[in-house]
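In our numbering, the protein residues as written are 1 to 399.
Backbone N, C-alpha and C define an ideal beta-carbon position, used for all residues, glycine too.
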Amino acid sequence: MSLLNIEEPAPARPAPWGTSHPIWRLGFRPFYLVAAVFAALSIPLWMAQYYGWLDAGAHITLGWHMHEMVFGMSTAVVIGFLFTAARNWTNLWTPREGHLAALVALWLAGRVAMAWAPPLAAAMVDWAFLPAAAWPLLVVMKKSNNKRNYFLVGLLSLLAIANGVYHAIVLGLLAMAPAVPAQAAILIIVVMESAIGTRVIPMFTRNGAPGSTPAVHPKRDMLSIALLALAGVSWIAGLPVWLVAPLGGAAATMLLIRLIEWQPHKTLRVPLLWILHLSYGWIAIGFFLLSLAAMALIPSSAAFHALTVGSMAGLILGMMTRTTLGHTGRPLNSGKAECAIYVLIQLGAVLRVAAALSPGAGHDHLLICSALCWTLAFAVFAVVYLPYLARPRIDGREG
């Protein structure tokens, strides 16, 4: 039945805010909400520290900022998405109710610990989340023999290793810059984005953009993902520039070719689609910039903010809005709120990359405007989508 034909059921008595509440029925509900609220609060907090407006006390450092945007906010969305997707892939329940609430509590404890606890306590609490969340995914995949998606659990394991390396550096156990594991985690998530996007963006485009015929070439898709992974590994490993720069350029070029074949121009009237295409395109921009950074032509922060704000945050908001609408039984239609969210995050990405490339007097203005766009984008999502996430599906189905 088309979602457009679903009628709103009779109002039900609200459930108490225990583990029987609708928020605990499927992973996307609480994790999307806490991630959006955290994203909206953490960037103003970091900016306040960056400009010296925050009193000393909390551990709000550059390392905190890098860690929390990747291992905090982004992993919450990844886990929420994968818990929800794995339910569809396997027809088995991923964590819900008490189990889901416990995982969310562990994630929240990690955020508190990273800001205020001693480094060893913070490391123990924060690191535990990814293994605790990855294990039930592996269990349902093994039970259903869903071998096709084992690699996603593998990528979560790599994220856990990168997080462990970060904490080992902070604790003085490894002599390495904290930016290295943070950048490694960004590149792991980008590979995950590329793999999932390759599956769903052409399908969504075909189904949602009238007259579109996006081309899919499995071998070329695999080559593109492999090039992204190789370029990322070469950067993290500090390989010679003559290898890093061409690999980054080749990965970006291949991804751009694939994106063009998905016919993004056919999606201009469908915000739920163009946000996915545009955000996916930021991966190519990020790897082109990474090639330039390898040649010491630009700062690497420009490349990594293209990947984090443009691609990662853009795809996060695009997928959070789409999956929330779909998995709460609502029509896949975008309104003014969704358009505002998408425009704000893309404008924020442009401004943040421009700030990284502008060391002069305009840097601070660009940085503050970018932070404002980011904060508003996630705040609008949290406010508008809270009722969707906290209420039962309107079609009466579970989840």
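{"Check": "Using the Cβ count rule (16 or more neighbours within 10 Å means buried), how would you classify I341?", "Outcome": "buried"}
{"Check": "Report the rounded CA-to-CA distance for V270 versus A117, giving the unit in angstroms.", "Outcome": "45 Å"}
{"Check": "Taking a contact to mean a Cβ-Cβ separation below 7 Å, would you say A86 touches V140 in this structure?", "Outcome": "yes"}
{"Check": "In terms of residues, what are the limits of the alpha helix (DSSP H) holding T90?", "Outcome": "75 to 90"}
{"Check": "Might you give, ordered along the chain, the residues of its own chain that have their beta carbon closer than 7 Å to the beta carbon of T84, omitting 5 neighbours on each side?", "Outcome": "L26, G27, F28, T323, H327"}
{"Check": "Roughly how far, in whole angstroms, is the beta-carbon of S279 from the beta-carbon of V190, given that I think they are within contact range, below 8 Å?", "Outcome": "With a Cβ gap of about 11 Å, S279 and V190 do not count as contacting."}
{"Check": "Flag this pair as yes or no: are the beta carbons of I345 and L389 separated by less than 7 Å?", "Outcome": "no"}
{"Check": "Per DSSP, what kind of secondary structure is R397 in: helix, strand or coil?", "Outcome": "coil"}
{"Check": "Classify G237: buried if its beta carbon has 16 or more other beta carbons within 10 angstroms, exposed otherwise.", "Outcome": "The question names Gly, but residue 237 is Ala in the sequence shown. Exposed, since its Cβ has fewer than 16 Cβ neighbours within 10 Å."}
{"Check": "Could you check whether W282 and I43 sit closer than 7 Å to each other, using their CB atoms as the reference points?", "Outcome": "no"}
{"Check": "How close, in whole Å, do the beta carbons of A123 and L45 come, if the pair is a contact with beta carbons under 8 Å?", "Outcome": "21 Å between Cβ atoms; not a contact."}
{"Check": "Taking DSSP's pairing of strands, which residues face A128 in a bridge?", "Outcome": "Answer by DSSP bridge pairing: none, since A128 is not bridged."}
{"Check": "Going by C-alpha to C-alpha distance, which of G72, I394, V350 sits closest to I186?", "Outcome": "G72"}
{"Check": "Relative to the C-alpha of L41, which candidate in V200, G63, E68 has its C-alpha closest?", "Outcome": "E68"}
{"Check": "Which residues mark the beginning and the end of the alpha helix (DSSP H) in which S20 is found?", "Outcome": "Segment: none, S20 is in no alpha helix (DSSP H) and carries neither H nor E."}
{"Check": "Within this structure, are the beta carbons of P22 and R391 separated by less than 7 Å?", "Outcome": "yes"}
{"Check": "Would you tell me roughly how many angstroms separate the C-alpha atoms of H167 and L268, rounded to the nearest one?", "Outcome": "43 Å"}
{"Check": "One question on the structure: do E261 and A313 come within less than 7 Å of each other, judged by their Cβ atoms?", "Outcome": "no"}
{"Check": "Taking the beta carbon of V200 as the centre, do at least 16 other beta carbons fall within 10 Å, making it buried, or is it exposed?", "Outcome": "exposed"}
{"Check": "In this structure, does DSSP put A177 in helix, strand or coil?", "Outcome": "coil"}
{"Check": "Hey, out of K266, A179, A293, whose CA is closest to A231's CA?", "Outcome": "A293"}
{"Check": "Out of I394, L54, A284, W274, point me to the one whose CA is closest to P331's CA.", "Outcome": "I394"}
{"Check": "Decide yes or no for the touch test of the region 298 to 306 against the region 347 to 366: beta carbon pairs closer than 8 Å, at least 3 of them.", "Outcome": "yes"}
{"Check": "Can the beta-carbon of G80 be found less than 7 Å from the beta-carbon of Y32?", "Outcome": "yes"}
{"Check": "I need the straight-line Cα distance from L243 to A177, nearest angstrom please.", "Outcome": "22 Å"}
{"Check": "Can you give, in chain order, each stretch of the alpha helix (DSSP H) that sits fully within the region 140 to 227 and has at least 4 residues?", "Outcome": "150 to 170, 179 to 208"}
{"Check": "Quick one, are the C-beta atoms of A250 and L227 less than 7 Å apart?", "Outcome": "yes"}
{"Check": "When DSSP labels each residue in this structure, what does R391 get in the three-state scheme?", "Outcome": "coil"}
{"Check": "Since L159 contacts I188 with CB under 8 Å, what's their CB separation in whole angstroms?", "Outcome": "6 Å"}
{"Check": "Using 8 Å for Cβ pairs, my map puts L156 next to L130. What's the rounded Cβ distance?", "Outcome": "6 Å"}
{"Check": "State the CB to CB distance for the pair G164 and W135, rounded to an integer number of angstroms; the pair is presumed to be in contact (CB under 8 Å).", "Outcome": "With a Cβ gap of about 16 Å, G164 and W135 do not count as contacting."}
{"Check": "Measuring CB to CB, does L366 end up less than 7 Å from E193?", "Outcome": "no"}
{"Check": "Does the Cβ-Cβ distance between A58 and A115 come in under 7 Å?", "Outcome": "yes"}
{"Check": "Would you report the Cα separation of H404 and L174, rounded to the nearest angstrom?", "Outcome": "Given a span of 1 to 399 for the chain in the structure shown, any question on residue 404 remains unanswerable."}
{"Check": "Please confirm whether V309 and G248 have their CB atoms less than 7 Å apart.", "Outcome": "no"}
{"Check": "Sorted by chain position, which residues of the same chain lie with C-beta nearer than 6 Å to A302's C-beta, five sequence neighbours on each side aside?", "Outcome": "L289, V353, A356, L357"}
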